[in-house]
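Numbering (our numbering), first residue to last: 219 to 1018.
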C-alpha cells in the first residue's frame, strides 16, 4: 500500500521556473483552439480541438504535479533500538538519614533510611532484571567519586561518602562521545545535596540538546528537626610547661536562629569554664577558651583531656553531636635546634625569627656573615638583619654555660641537639670528616635533620663534593645541576595525610582545603632540579616551573633514616609566606603554623620517660574518620631481631585491637604502625612493654606478659560537610529534570520506567522512506497516455 502525502512537496525546480512552465503548458493546451493555428490542411472542428486540448491538459497537469515534488511514503519498517538508561545512586553519608517512608502491604508505612528506600524501589533486583531485558542499563554509585555497580550486585554497603559531587557525577556519567548519540534517560536517585558546586546550566543544556532527559527521584525530608552541633580543636596540641593555648569551639545550628549557645569546658570531669554565644541567625559561630595546663609532676610528658559541651536546646532531638574531646600534650623540656647557614638568605632569616619567638624552642644559630666572620646567637628573640622588612635589629644573647661558642665545638656537641637545620654552603662548618658526626646524629642517635633550602653542600667546590658524598645516606633526593625559576606548589597525595599540611596546621581553620590555601600563597622563587627521590622518601608537596610545566618534581620530602628523620625543603622563597600583602592576611598564620608544627613533629622521636628505654609518640592528637594516625615507637638501643613492641588500640565502643609495628630497618631502633579510625570518639593507644624486655642483651627472646608503659589518646571528630546539614534539597533535582525535559518521580513510581522504555523504543523503531511520485508507474502511464493520444489524433487528422 502506498501513502500519498499531499502536504509534503519537494519541488526539484525553483518556484519561478515552475510558474513559467505552468504558463507555457496552459498556452500549449489552448493552442489547438485558436483558428487556423492547428497546422492541418482543413480547419479542425470544435470537438476535435477540445479532444486535443483535453489530452494536453491531462499530460501537462500530471507533469506539473510531479514537478511540484509530491512524495510517496513506503510502509513503516520496525527495528529494535535499545534505549540507554543511566541510573545514578547517591552513596554519600547523608543518605543514611532515616527519614524516608515506604508503604507496607497492610496499608501502613515503614520508616527506612534514604539508602534503603532507593534500594527497595528503583534499585530492586527484579526491576533491574526487567530493565536490562529491554534496555542498555548502567547503574553507578556516586559520592566524591563515581563507580560502577556491577550487574547482579545489590546495594549492601552503607552510604559513607564524605562528599556529594552530584553535578560532577552527572557530567562524568555521560561520556563525551555519547552526547552525540540518540540520548537516553538518566535516573537520579538522591537527596539533592551537592557539597562541591551548584546547578550547571551549561551541562544540562548539552545533555538536553543531545537527547538525554533526567528523571529525578528525590528522597528524604527537605527540612530537618532543630539541631545544634559542636566542633572543637586546639591551636597547639603540644605545649611546654607554663605555656597556654586556645581551644576553639565552633557551634553550628539549624532551625535555632534566635537561640543562645551555652558552651561548657571540662578538664577531665571538672567544669572549668562556661561561655555563652548569641547566634543571631548565623548558621555557625566560634568562641575560644584559653587554657594553661599545669606542669607535669612526673615524667617528661603529660596528656591533658578537655571536653567541650554545648548545652542542648529545648527543641533538639539529636544531642550526640553536642560534645567534643580535645587532647593537649605537655612536654617538659624545650626543643634544642641548631641552625647552620653559609649564605645568609631571607628563608633562614624568617625561619630564625619564627623559632626564636617560640618558647618551646631553644635555638642556636650559626651564620657566616663573610669569609672571616661567623655570627653565633643563642635563644635570640629577633636575629634578622635590620634590612629585613619589619625587623627591629640584631640581637646576640649570651650563650648558656654548657653551649659551645664556636662552630667546631658546636659540631662536636651536635648530639646535644634535637634538630639540625642546614641552609646553603655549610661545608665550611664541617672540616675534614666531621660531617660523619651529622650522619651518626641522625641515623644512630635518632636526631632530626632539616634541609631548609635544598642542597646544603656546594657541589662546585672540592669541600662541598667531598662532604656531599659523606652525608649522601641521609639525602632523600638526587639533585641535578639546573636551576629553575618561578615554581608553583601543589599538594601531593601523601601531603593530605601529613600533620604538617593539615588544614589546621596551615591556617588554623577547619573550613579551608589545604590545596586551596597553598594555591593562594606566593609561588617559590627558584629550585635546583630534582632528578629523582628515594623509594623511602615521602613526597608531601610537588612543584613545577611556570615557564616549563613539564618540569614537575618534589618540593617537600620526608624520609626516615635509621632512628632519625630528614625533612627536605627543595625550593626557595617560602619566606614570602611570612610577609603577605593585606589582601592575603587571612593566610598570615600559614608560615608560622608550618614551621612550628614541623619542629614539634620532628622532635617527638626522643621523648623518653624517666629511666625508660622505650617511648611512644603519635603524629597527631586529633583526626577525622578514616584519616591515618601513625604510631612511632623508639628504643634507646638496637633490640633483638625478634623484638616487636606491643601496642593495644582501644576503640570508642570499648573494643580492642592489637597493632603490629614494623621495624624501620634491620638495625633500626624505630618501629611504626598506623590505624585509620572509622568511628567518632576517643581512641586510646597503650604501649605494653614486657618487664625487662627493653634491657635484655641482644639475642635474647622477648618475654611474655607485661604492663602498660605509656598511654596516648586521639580525639576523632567528623568534620564532614556532608553531615553538617543533612536535609534534602529536592529543588535542585526538580531544576535538573525541568531543564532537560524530564520528570520528577516518586519512590513508588519505578514501574513507570518500564512503560517509558516501551514507548521510547516504539518511537525509535518507526522508520519512513520518502520517494518521488514520478517513480510510480501510474504517473508515468498518465503522462505517456496523454501525449501519445495527442500525437495519434494529430496524425489521424492530418496535422503536421
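Virtual Cβ for every residue (Gly too), placed ideally from N, Cα, C. This one's a predicted model, so the numbers in the text were calculated from it and none came from an experiment.
Report task. Please state whether DSSP places residue 594 in a helix, a strand or coil. Result -> Walking along the chain shown from the start, residue 594 turns up at place 376. Strand, per DSSP.
Query - Among 719, 426, 569, the one whose alpha carbon lies nearest that of residue 794 - result: Taking the chain shown and counting its residues from 1, one reaches residue 794 at position 576. That would be 569, whose Cα lies nearest to the Cα of residue 794.
Query raised in the report: Looking at C-alpha atoms only, which residue of 1011, 554, 693 is the closest neighbour of residue 199?
Result: Residue 199 is absent from the model: the chain starts at 219 and stops at 1018.
Report task. Return the CA-CA distance between residue 674 and residue 379, expressed in angstroms with no decimal places. Result -> Taking the first residue of the chain shown as 1, we reach residue 674 at position 456. Taking the first residue of the chain shown as 1, we reach residue 379 at position 161. Each residue's alpha carbon lies about 44 Å from the other.
**Report entry** Complete beta strand (DSSP E) runs within the segment 851–909 (minimum length 3 residues, chain order)
**Finding:** 864–868, 874–877, 888–893, 899–907
Requested in this report: Whole angstroms is fine: what's the gap from residue 522's alpha carbon to residue 930's?
Outcome: By 1-based counting over the chain shown, the position of residue 522 is 304. By 1-based counting over the chain shown, the position of residue 930 is 712. If I take the Cα positions, the gap works out to 10 Å.
**Report entry** Separation of residue 592 from residue 616, as counted between CA atoms
**Finding:** Along the chain shown, read from residue 1 onward, the residue named residue 616 stands at position 398. Along the chain shown, read from residue 1 onward, the residue named residue 592 stands at position 374. Residue placement at residue 616 is poorly supported in this model, since its pLDDT is 42, which falls under 50; the coordinates are not used for a value here.
Query raised in the report: If residue 480 and residue 492 are in contact, beta carbons under 8 Å, what's the gap, nearest whole angstrom?
Result: By 1-based counting over the chain shown, the position of residue 480 is 262. By 1-based counting over the chain shown, the position of residue 492 is 274. With a Cβ gap of about 7 Å, residue 480 and residue 492 count as contacting.
Report task. Decide if the segment 400–413 is in contact with the segment 300–309; the criterion is three or more beta carbon pairs, one per stretch, under 8 Å apart. Result -> yes
Query raised in the report: In three-state terms, what does DSSP make of residue 565?
Result: One-based indexing of the chain shown puts residue 565 at position 347. In the structure shown, residue 565 sits in a helix (DSSP, three-state: H, G or I).
Query raised in the report: Anyone know if the C-beta pair for residue 332 and residue 416 falls short of 7 Å?
Result: For this step, residue 332 is matched to residue 114 along the chain shown. For this step, residue 416 is matched to residue 198 along the chain shown. Against a cut-off of 7 Å, the Cβ pair of residue 416 and residue 332 comes out as no contact.
Query raised in the report: Anyone know if the C-beta pair for residue 951 and residue 436 falls short of 7 Å?
Result: Counted from its first residue, the chain shown places residue 951 at position 733. Counted from its first residue, the chain shown places residue 436 at position 218. Yes; because the gap between Cβ atoms is below 7 Å, this pair is in contact.
Query - Backbone CA spacing between residue 879 and residue 456 [nearest angstrom] - result: For this step, residue 879 is matched to residue 661 along the chain shown. For this step, residue 456 is matched to residue 238 along the chain shown. Straight-line Cα distance between these residues: approximately 24 Å.
Query raised in the report: If you draw a straight line from the C-alpha of residue 413 to the C-alpha of residue 381, how long is it?
Result: Translated into positions along the chain shown, residue 413 becomes position 195. Translated into positions along the chain shown, residue 381 becomes position 163. So the two alpha carbons sit approximately 6 Å from each other.
Query raised in the report: Are there 16 or more other CB atoms within 10 angstroms of the CB of residue 705, so buried, or fewer, so exposed?
Result: As a position in the chain shown, residue 705 is number 487, starting the count at 1. Label assigned to residue 705: buried.
Requested in this report: Give the secondary structure of residue 958 by DSSP, where H, G and I count as helix, E and B as strand, and everything else as coil.
Outcome: The count along the chain shown starts at 1 and reaches residue 958 at position 740. Correct three-state label for residue 958: coil.
Report task. Kindly indicate the opening and closing residues of the alpha helix (DSSP H) around residue 334. Result -> Reading the chain shown from its first residue, position 116 is the one you call residue 334. Residues 332–338.
Requested in this report: Taking all protein chains shown into account, decide if residue 786 is buried (16 or more other Cβ within 10 angstroms of its Cβ) or exposed.
Outcome: Here residue 786 refers to the residue found at position 568 when the chain shown is read from its first residue. It counts as buried.
Query raised in the report: Nearest to residue 301 by CA position, among 402, 757, 279, is which residue?
Result: By 1-based counting over the chain shown, the position of residue 301 is 83. Among 402, 757, 279, the Cα nearest to that of residue 301 is on 402.
Query raised in the report: CA-CA distance, residue 238 and residue 1014?
Result: Translated into positions along the chain shown, residue 238 becomes position 20. Translated into positions along the chain shown, residue 1014 becomes position 796. Rounded to whole angstroms, residue 238 to residue 1014 spans 31 Å at the Cα level.
Requested in this report: Under 8 Å by Cβ, that's how I've got residue 774 and residue 758 pegged, so tell me the actual separation to the nearest angstrom.
Outcome: Position 556 of the chain shown, counted from the first residue, corresponds to residue 774. Position 540 of the chain shown, counted from the first residue, corresponds to residue 758. The pair is a contact, with the Cβ atoms about 4 Å apart (cut-off 8 Å).
Query raised in the report: By the 10 Å Cβ neighbour count, where 16 or more other Cβ atoms means buried, how is residue 354 classified, buried or exposed?
Result: Residue mapping note: residue 354 aligns to position 136 of the chain shown, counting from 1. Looking at its Cβ environment, which holds fewer than 16 other Cβ atoms inside 10 Å, residue 354 is exposed.
Query raised in the report: Residue ranges of each beta strand (DSSP E) run of no fewer than 3 residues wholly in the segment 454–534, ordered along the chain?
Result: 456–458, 463–472, 478–485, 488–496, 502–509, 519–528
Requested in this report: Confirm, please, whether the CB-CB distance from residue 790 to residue 743 is below 7 Å.
Outcome: Taking the first residue of the chain shown as 1, we reach residue 743 at position 525. Taking the first residue of the chain shown as 1, we reach residue 790 at position 572. Yes, they are a contact pair.
**Report entry** Host alpha helix (DSSP H) of residue 659 (start-end)
**Finding:** Locating residue 659 in the chain shown gives position 441, counting from the first residue. Run containing residue 659: 653–661, per the alpha helix (DSSP H) assignment.
Query - Integer Cβ distance of residue 874 from residue 864, believed to fall under 8 Å - result: By 1-based counting over the chain shown, the position of residue 874 is 656. By 1-based counting over the chain shown, the position of residue 864 is 646. Wrong, their Cβ atoms sit about 12 Å apart, outside the cutoff.
Requested in this report: Using the Cα positions of residue 871 and residue 893, report the straight-line distance between them to the nearest angstrom.
Outcome: Translated into positions along the chain shown, residue 871 becomes position 653. Translated into positions along the chain shown, residue 893 becomes position 675. Between residue 871 and residue 893, the C-alpha separation is close to 16 Å.
Requested in this report: Drop a sphere of 10 angstroms on the beta-carbon of residue 1051, count the other beta-carbons inside from all chains shown, and report buried for 16 or more, exposed for fewer.
Outcome: Not covered by the structure: residue 1051. The range shown for the chain is 219 to 1018.
Requested in this report: List the DSSP bridge partners of residue 588.
Outcome: For this step, residue 588 is matched to residue 370 along the chain shown. Answer is none; residue 588 lacks a bridge partner.
Requested in this report: Kindly list the residues whose CB is nearer than 7 Å to the CB of residue 362, restricted to its own chain and excluding five residues on each side of it in sequence; keep chain order.
Outcome: Numbered from 1 along the chain shown, position 144 holds the residue referred to as residue 362. Excluding residues within five positions, the ones whose Cβ falls inside 7 Å are 379, 380, 381, 383.
Report task. Please report how far the alpha carbon of residue 606 lies from the alpha carbon of residue 944, in whole angstroms. Result -> By one-based count along the chain shown, residue 606 stands at place 388. By one-based count along the chain shown, residue 944 stands at place 726. Only weak support is given to the placement of residue 606: the predicted model assigns it a pLDDT of 27, under 50, and the question is left unresolved by the model.
Query raised in the report: In whole angstroms, what separates the C-alpha of residue 594 from that of residue 581?
Result: On the chain shown, residue 594 is found 376 positions in, with the first residue counted as 1. On the chain shown, residue 581 is found 363 positions in, with the first residue counted as 1. Computed Cα separation, rounded: 10 Å.
Requested in this report: Taking 7 Å as the cut-off, decide whether the C-beta atoms of residue 900 and residue 933 are in contact.
Outcome: Stepping through the chain shown from its first residue, residue 900 is reached at position 682. Stepping through the chain shown from its first residue, residue 933 is reached at position 715. Against a cut-off of 7 Å, the Cβ pair of residue 933 and residue 900 comes out as a contact.
Report task. Figure out for me which residue from 411, 692, 241 has the closest Cα to the Cα of residue 313. Result -> Indexing the chain shown from 1 puts residue 313 at position 95. Checked all of 411, 692, 241; the closest Cα to residue 313 is 411.
Report task. Could you check what DSSP says for residue 277 in three-state terms: helix, strand or coil? Result -> Taking the first residue of the chain shown as position 1, residue 277 is located at position 59. Residue 277 falls in the helix class under three-state DSSP.
Query raised in the report: From residue 585 to residue 633, what does the alpha carbon distance come to, in whole angstroms?
Result: Along the chain shown, one-based indexing puts residue 585 at 367. Along the chain shown, one-based indexing puts residue 633 at 415. Straight-line Cα distance between these residues: approximately 20 Å.
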